[in-house]
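Just below is one structure, and these are the notes that go with it.
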Amino acid sequence: MRNVVFVEGVRTPFGKAGDKGIYAGTRADDLVVNAIRELLRRHPGLPAERVDEVAIAATTQIGDQGLTIGRTAALLAGLPKSVPGFAIDRMCAGAMTAVTTTASGIGFGAYDIAIAGGVEHMGRHPMGEGVDPNPRIIADKLVDPTALVMGQTAENLHDRFPEITKERTDAYAARSQERYAEAVKTGKIGPELVPVATRSPELGWGLATEDEPPRPGTTVEQLAKLKTPFRPHGRITAGNAAGLNDGATAALLADEDTARELGLPVAMRLVGYAFAGVEPEVMGIGPVPATEKLFKRTGLSVDDIGLFEINEAFAVQVLAFLDHFGISQDDPRVNQWGGAIACGHPLASSGVRLMTQLARQFAERPDVRYGMTTMCIGIGMGGTVIWENPAFEGAK
């Protein structure tokens, strides 16, 4: 097996889904094409014909997110016609799976270089649009009906872990907004963003250069007043969950020797990954067994992980993970630049956002050897990837 490295990741600014969002008039495939083009622009020493595969994820693979989007996006981005591509779907972990799948091919020797990412235009294609779930899923009681509504699964997770109160989730959500705002202010978030030309019938042409969803200055008091749409007197609100968003990500992966040959930077080295299934009714607990499985495979433990990037689909899901592993919800190792509650969660694109942020944090932290990206996945799954910091100089 060869060493697989994460060269760099980029993303579009994330927008709010809907008619008033910044990408209301922008095609989904154009979002990911912009990200791929930016990767190539940033690495002019990489001959385009050396790219062996393009894997792009989308949860709702219809319309401008359909037609084997990995292949069509590669063509639209200007890659040679000899470069193949494919589409992939693992709901929220689509981009994560695009990375792990192509990374496996690199490790095995099938590829030297790959581009992996994801796109979701939830304004054009709400999650579940056009699907036809087999009625036996419910009729045969394979899952509870709440398993098909992500917000209800988060309420179920609160039921399972009553010690995770709404007050705790609101406090976590407010801190995510605060950390994100500070990261933008200090320039931690921004260099990875790809400007996207936008068009509105009312406003004309524009340029998206920053995330649209964040609400800086959010307080716990404000969050406490929000409605609970999934259950009367519930605990999940628009404030302690990620919103409905549009956006795209792309990452460049390579065999380490090939990266050195071409002068490509090595931002992270892949250690291992794991996916696990859980009861769909409590899909938010998925990162726990996925991480436990990965620790068993790698011989590492939670004490070895110096940085965590956990997707904030819902605050309760993050807190369930932290509580399981005995980590404080204020731990500075966790989502130190905020997370999806602040910047947004365009489903299949988010896995590469987590990786991109971790890679940028590694560059600043030569005292940290291992970092983790992890996320819950709809229909009852979790995914975890552990990365090694090539800049590690020894723990201080």
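Counting in the numbering used here, the sequence shown runs from 994 upward without gaps.
Ideal Cβ placement from N, Cα and C applies to all residues, glycine included.
Predicted model only: the values in this text are computed from it and were never measured.
Sub-9 angstroms separation of residue 1341 and residue 1094 beta-carbons: One-based indexing of the sequence shown puts residue 1341 at position 348. One-based indexing of the sequence shown puts residue 1094 at position 101. Judged by their CB atoms, residue 1341 and residue 1094 are not nearer to each other than the 9 angstroms cut-off.
Nearest-angstrom Cβ-Cβ length linking residue 1100 and residue 1206, presumed shorter than 8 angstroms: Working through the sequence shown from its first residue, we reach residue 1100 at position 107. Working through the sequence shown from its first residue, we reach residue 1206 at position 213. That belief does not hold up - the Cβ atoms of residue 1100 and residue 1206 are roughly 35 angstroms apart, past 8 angstroms.
3-residue-minimum beta strand (DSSP E) runs that sit fully inside the stretch 1016-1072, ordered along the chain: 1046-1050
Per-residue burial, residue 1045 [other beta carbons within 10 Å of its own, 16 or more giving buried]: By 1-based counting over the sequence shown, the position of residue 1045 is 52. Buried.
Reduced DSSP category for residue 1317 - H, G, I as helix; E, B as strand; rest coil: Taking the first residue of the sequence shown as position 1, residue 1317 is located at position 324. If DSSP states are grouped into helix, strand and coil, residue 1317 belongs with the helices.
Residue 1245 in three-state terms, based on DSSP: Residue mapping note: residue 1245 aligns to position 252 of the sequence shown, counting from 1. Residue state for residue 1245 is assigned as strand, using DSSP reduced to three classes.
Which of helix, strand or coil DSSP assigns to residue 1204: Residue mapping note: residue 1204 aligns to position 211 of the sequence shown, counting from 1. The answer is coil: DSSP assigns residue 1204 none of H, G, I, E or B.
C-beta atoms of residue 1377 and residue 1243 nearer than 9 angstroms: One-based indexing of the sequence shown puts residue 1377 at position 384. One-based indexing of the sequence shown puts residue 1243 at position 250. No.
Closest Cα partner of residue 1063 within the set 1055, 1081, 1071: Within the sequence shown, numbered from 1, the residue matching residue 1063 stands at position 70. The shortest C-alpha separation from residue 1063 is found at 1081.
Beta-carbon proximity of residue 998 to residue 1259, cut-off 9 angstroms: Within the sequence shown, the letter at position 5 stands for residue 998. Within the sequence shown, the letter at position 266 stands for residue 1259. Yes; because the gap between Cβ atoms is below 9 angstroms, this pair is in contact.
Within 9 angstroms, strictly: CB atoms of residue 1240 and residue 1007: Within the sequence shown, the letter at position 247 stands for residue 1240. Within the sequence shown, the letter at position 14 stands for residue 1007. Yes; because the gap between Cβ atoms is below 9 angstroms, this pair is in contact.
Terminal residues of the beta strand (DSSP E) in which residue 1079 lies: The residue you call residue 1079 lines up with position 86 of the sequence shown. Here the beta strand (DSSP E) through residue 1079 covers 1078-1081.
Separation of residue 1381 from residue 1209, as counted between CA atoms: Numbered from 1 along the sequence shown, position 216 holds the residue referred to as residue 1209. Numbered from 1 along the sequence shown, position 388 holds the residue referred to as residue 1381. Taking the straight line from one Cα to the other gives about 32 angstroms.
Assigned secondary structure, residue 1226 (DSSP; H/G/I helix, E/B strand, else coil): Residue 1226 sits at position 233 when you count from the first residue of the sequence shown. In the structure shown, residue 1226 adopts coil according to DSSP, grouped into three states.
Status (buried if at least 16 other CB within 10 Å, exposed otherwise) for residue 1179: As a working mapping, residue 1179 is identified with position 186 in the sequence shown. Residue 1179 is exposed by the Cβ-count criterion.
Where residue 1384 falls: helix, strand or coil (DSSP): Residue mapping note: residue 1384 aligns to position 391 of the sequence shown, counting from 1. In the structure shown, residue 1384 sits in coil (DSSP, three-state: anything other than H, G, I, E or B).
Beta carbon of residue 1298 nearer than 9 angstroms to that of residue 1364: Counted from its first residue, the sequence shown places residue 1298 at position 305. Counted from its first residue, the sequence shown places residue 1364 at position 371. It is a contact, given that the beta carbons lie within the stated cut-off.
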